[in-house]
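Visitor: According to the working numbering, the sequence shown is numbered sequentially starting from 1.
Structure below; questions to follow.
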Amino acid sequence: MTRLLALLFVVLLPAELLAQKVKPLFTDDAPLSLTLTARMVAINRDRVKPKADSLATKHPARLTYNSPTEVQTMPVTISVRGNFRRDGANCKFPPLYLNVPKKATKNTLFAGQNKLKLVTHCQLDEYVVREYLVYRMYNLLTNLSFRARLAQVTYVDSAQKRAPETHWGILLEDADDLAKRNHARTTKIKTKAQFADTMAMATVSVFEYMIGNTDWSVPFQHNIRTLIDSTKPRPLVAPYDFDHAGIVNARYARPAEQLNIESVRDRVYRGPAFTLPALNRVLDRFVALKPQFYALFQNNPNLDPAYIRDTLRYLDEFYETITNPKYVQRVFAPNESASVQIKGLK
């Protein structure tokens, strides 16, 4: 009973602390309805520019959304970002940055926001919802996680060269805001996984194994943010960008060739080795959160029922592994895959 109460305390406390610190945009999980009006055809063309040039090219736009009392419109600028999803051969529309003037956000849902990533649709809209739920899963595990807000985004071309389109999107918390919530700062200083904060790194490593994601690297800071907390001897790490995870199961996703696996659904542990007490402490947290993880998917109206069934079975396999001591020792032992560093899929 005492251990159960302790586990419940560990599970519930971070969520309560998180609610006190996040900015208004990320204090609610209800999907937003947004309209972005800009020269969408011109924006889409930016994906063929060198990455630095496309990031530097900012297109004026209008962001419109419904507040509790009225329709709100504010000026923003849009620029193209991304790597794999930026490539027109992979996705029809690129991921975006939204730059919001701070003065325009005062007393609005976007108060305190300045630069936001917008994860856009790629091939199938439902993939966006699936990836959003992965962010929600990691939010349950730790405060050291990017907050995300699901939105139905209508893209309106101000030049009227294309018809309006509505798709799912994800607004992602800025990395500096993530850092401030955790009394830390972002850094570009590179480190190795074994030198990162033990609990943060163990949580990332087990989670990436859980969701079947191999598309990350600490040394290359690929889909991993490194943070510095002056009160901690080791850097902190926070993951993002999960569309190549097995749990998302996007048809365009593929594993890195170096890993010698056929499908992103094949789990491979790519984290460093941890002491058994440290590993068990993290695994206990995953076990305690199992009902909440499953609840994110069960009866979700934005997901295909067949996908829900497959995902719950996929999670069942993970829990069969981490609740069996023999499997734990075998799966999370040092292996060659941990030394393979993924620079990023192109």
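Cβ coordinates follow ideal geometry from the N, Cα and C atoms, glycine included.
Predicted model only: the values in this text are computed from it and were never measured.
Could you give the distance in angstroms between the alpha-carbon of Lys-346 and the alpha-carbon of Phe-84?
Guide: Start at 1 with the first residue of the sequence shown, and residue 346 comes out as number 346. Start at 1 with the first residue of the sequence shown, and residue 84 comes out as number 84. Note that Lys-346 scores a pLDDT of 43, beneath 50, so its modelled location is shaky; the value from the coordinates is reported in the next line. C-alpha separation (whole angstroms): 5 angstroms.
Visitor: Where does Asn-299 sit, in a helix, a strand or coil, going by DSSP?
Guide: Along the sequence shown, one-based indexing puts residue 299 at 299. DSSP places Asn-299 in coil when its eight states are reduced to three.
Visitor: Could you tell me the distance, in whole angstroms, from the CA atom of Val-264 to the CA atom of Asn-213?
Guide: Counting from 1 along the sequence shown, the entry for residue 264 is found at position 264. Counting from 1 along the sequence shown, the entry for residue 213 is found at position 213. The alpha-carbon atoms of Val-264 and Asn-213 are separated by roughly 7 angstroms.
Visitor: Just tell me which of Glu-126, Tyr-135, Trp-168 has its CA closest to the CA of Ile-308.
Guide: For this step, residue 308 is matched to residue 308 along the sequence shown. Closest option to Ile-308, Cα to Cα, is Glu-126.
Visitor: Is any heavy atom in the ligand GDP found nearer than 8 angstroms to the beta carbon of Leu-124?
Guide: This structure lacks the ligand GDP; in fact it carries no ligand of any kind.
Visitor: Just verifying my parser: in three-state terms, what is the DSSP assignment at Pro-350?
Guide: A query on residue 350 cannot be resolved here, the shown segment of the chain reaching from 1 to 346 and no further.
Visitor: Return helix, strand or coil for Val-76, following the three-state DSSP convention.
Guide: As a first step, residue 76 is located in the sequence shown; it is residue number 76 there, counting from the start. Val-76 falls in the strand class under three-state DSSP.
Visitor: Could you give the first and the last residue of the continuous alpha helix (DSSP H) run that contains Pro-325?
Guide: Counting from 1 along the sequence shown, the entry for residue 325 is found at position 325. That run of the alpha helix (DSSP H) goes 325-331.
Visitor: State the DSSP-derived secondary structure class of Pro-239, mapped to helix, strand or coil.
Guide: Taking the sequence shown and counting its residues from 1, the one referred to as residue 239 is at position 239. In this structure, Pro-239 counts as strand in the three-state DSSP scheme.
Visitor: Only counting the same chain, and skipping five residues up and downstream in sequence, which positions put a Cβ closer than 7 angstroms to that of Ala-184?
Guide: Numbered from its first residue, the sequence shown carries residue 184 at position 184. Around Ala-184: Leu-227, Ile-228, Asp-229, Leu-236.
Visitor: For the segment 33-97, which segments carrying the beta strand (DSSP E) assignment without a break, of at least 3 residues, lie completely within its bounds, in sequence order?
Guide: Runs of the beta strand (DSSP E) inside the segment 33-97: 59-66, 71-80.
Visitor: Within its chain, find whatever has a CB closer than 6 angstroms to the CB of Thr-64; leave out the 5 residues flanking it on each side and keep chain order.
Guide: The sequence position of residue 64 within the sequence shown is 64, counting from 1. Hits under 6 angstroms: Thr-35, Thr-73.
Visitor: DSSP three-state label for Leu-345, please.
Guide: In the sequence shown, residue 345 corresponds to position 345, counting from 1. Confidence is the limiting factor: at Leu-345 the pLDDT is only 47, short of 50, which leaves the residue's position unreliable and the question unanswerable from this model.
Visitor: Would you report the Cα separation of Arg-81 and Tyr-252, rounded to the nearest angstrom?
Guide: Taking the first residue of the sequence shown as position 1, residue 81 is located at position 81. Taking the first residue of the sequence shown as position 1, residue 252 is located at position 252. Spanning the two alpha carbons is a distance of roughly 19 angstroms.
Visitor: Would you mind sorting Leu-144 into buried or exposed? The rule is 16 or more other CB atoms within 10 Å of its CB.
Guide: By 1-based counting over the sequence shown, the position of residue 144 is 144. Counting Cβ neighbours within 10 Å, Leu-144 comes out buried, since at least 16 surround it.
Visitor: Taking 9 angstroms as the threshold (C-beta atoms), are Leu-98 and Gln-43 in contact?
Guide: Within the sequence shown, the letter at position 43 stands for residue 43. Within the sequence shown, the letter at position 98 stands for residue 98. Looking at the sequence provided, one finds Ile at residue 43 rather than Gln. Their beta carbons are not under 9 angstroms apart, which means Ile-43 does not touch Leu-98 by this criterion.
Visitor: What are the boundary residues of the alpha helix (DSSP H) that Ile-211 is part of?
Guide: Within the sequence shown, the letter at position 211 stands for residue 211. Run containing Ile-211: 198-211, per the alpha helix (DSSP H) assignment.
Visitor: Once the 5 residues before and after Lys-190 are set aside, which same chain residues still bring their CB inside 7 angstroms of it?
Guide: The residue given as residue 190 occupies position 190 in the sequence shown. These residues qualify, in order along the chain: Pro-219, Gln-221.
Visitor: Following the continuous alpha helix (DSSP H) through Thr-105, name the residue where it begins and the one where it ends.
Guide: The residue you call residue 105 lines up with position 105 of the sequence shown. Where Thr-105 is concerned, the enclosing alpha helix (DSSP H) stretches over 102-105.
Visitor: Work out the CA separation of Leu-25 and Leu-283 for me, nearest whole Å.
Guide: Position 283 of the sequence shown, counted from the start, is the residue given in the question as residue 283. Position 25 of the sequence shown, counted from the start, is the residue given in the question as residue 25. Computed Cα separation, rounded: 31 angstroms.
Visitor: Taking contact to mean 3 or more Cβ pairs, one atom from each stretch, closer than 8 angstroms, check whether the segment 173-188 and the segment 130-150 are in contact.
Guide: Judged by Cβ distances under 8 angstroms, the segment 173-188 makes contact with the segment 130-150, as three or more pairs qualify.
Visitor: Just to confirm the assignment, what range does the beta strand (DSSP E) spanning Leu-172 have?
Guide: Taking the sequence shown and counting its residues from 1, the one referred to as residue 172 is at position 172. From DSSP, the beta strand (DSSP E) with Leu-172 extends over 165-172.
Visitor: If contact is defined by three or more beta carbon pairs under 8 angstroms, each pair taking one atom from either stretch, is the segment 239-252 in contact with the segment 116-136?
Guide: Contact between the segment 116-136 and the segment 239-252 is present, because at least three Cβ pairs lie under 8 angstroms.
Visitor: How many Å lie between Glu-257 and Gly-246 at the Cα?
Guide: Position 257 of the sequence shown, counted from the first residue, corresponds to residue 257. Position 246 of the sequence shown, counted from the first residue, corresponds to residue 246. Using only the alpha carbons, I get a separation of about 15 angstroms.
Visitor: If we call anything under 9 angstroms between Cβ atoms a contact, is Trp-168 one with Tyr-138?
Guide: For this step, residue 168 is matched to residue 168 along the sequence shown. For this step, residue 138 is matched to residue 138 along the sequence shown. No, they are not a contact pair.
Visitor: Determine the DSSP secondary structure at Thr-142, reduced to helix, strand or coil.
Guide: For this step, residue 142 is matched to residue 142 along the sequence shown. DSSP places Thr-142 in coil when its eight states are reduced to three.
Visitor: Could you tell me which residues DSSP pairs with Tyr-314 in its beta bridges?
Guide: Here residue 314 corresponds to residue number 314 of the sequence shown, with the count starting at 1. According to DSSP, Tyr-314 bridges with nothing at all.
Visitor: Does the contact criterion of 3 or more C-beta pairs under 8 angstroms hold for the segment 195-209 versus the segment 266-281?
Guide: Cβ pair count under 8 angstroms is three or more, so yes.
Visitor: Give me the Cα-Cα distance between Val-206 and Phe-286, rounded to the nearest whole angstrom.
Guide: Residue numbering aside, residue 206 sits at position 206 when the sequence shown is read from its first letter. Residue numbering aside, residue 286 sits at position 286 when the sequence shown is read from its first letter. Distance between the alpha carbons of Val-206 and Phe-286 is about 9 angstroms.
Visitor: How many whole angstroms separate the CB atoms of Leu-303 and Val-129, which I take to be in contact at a CB cut-off of 8 angstroms?
Guide: Locating residue 303 in the sequence shown gives position 303, where the first residue counts as 1. Locating residue 129 in the sequence shown gives position 129, where the first residue counts as 1. Between Val-129 and Leu-303 the Cβ distance is about 6 angstroms, and since that is below 8 angstroms, they are a contact.
Visitor: Per DSSP, what kind of secondary structure is Gln-152 in: helix, strand or coil?
Guide: By one-based count along the sequence shown, residue 152 stands at place 152. Residue state, collapsed to three classes: strand.
Visitor: Which term fits Phe-195, buried or exposed, when burial requires 16 or more other beta carbons within 10 angstroms of its beta carbon?
Guide: Translated into the one-based positions of the sequence shown, residue 195 becomes position 195. Exposed, since its Cβ has fewer than 16 Cβ neighbours within 10 Å.
Visitor: Quick check: what's the CA-CA separation for Tyr-327 versus Asn-260?
Guide: Along the sequence shown, read from residue 1 onward, the residue named residue 327 stands at position 327. Along the sequence shown, read from residue 1 onward, the residue named residue 260 stands at position 260. Distance between the alpha carbons of Tyr-327 and Asn-260: 21 angstroms.
Visitor: Within 10 angstroms of the Cβ of Arg-313, are there 16 or more other Cβ atoms? Answer buried if so, exposed if not.
Guide: The residue you call residue 313 lines up with position 313 of the sequence shown. Exposed, by the Cβ-count rule.
Visitor: Using the rule of at least 16 other Cβ atoms within 10 Å of the residue's Cβ for burial, across every protein chain shown, is Leu-4 buried or exposed?
Guide: As a working mapping, residue 4 is identified with position 4 in the sequence shown. Confidence is the limiting factor: at Leu-4 the pLDDT is only 46, short of 50, which leaves the residue's position unreliable and the question unanswerable from this model.
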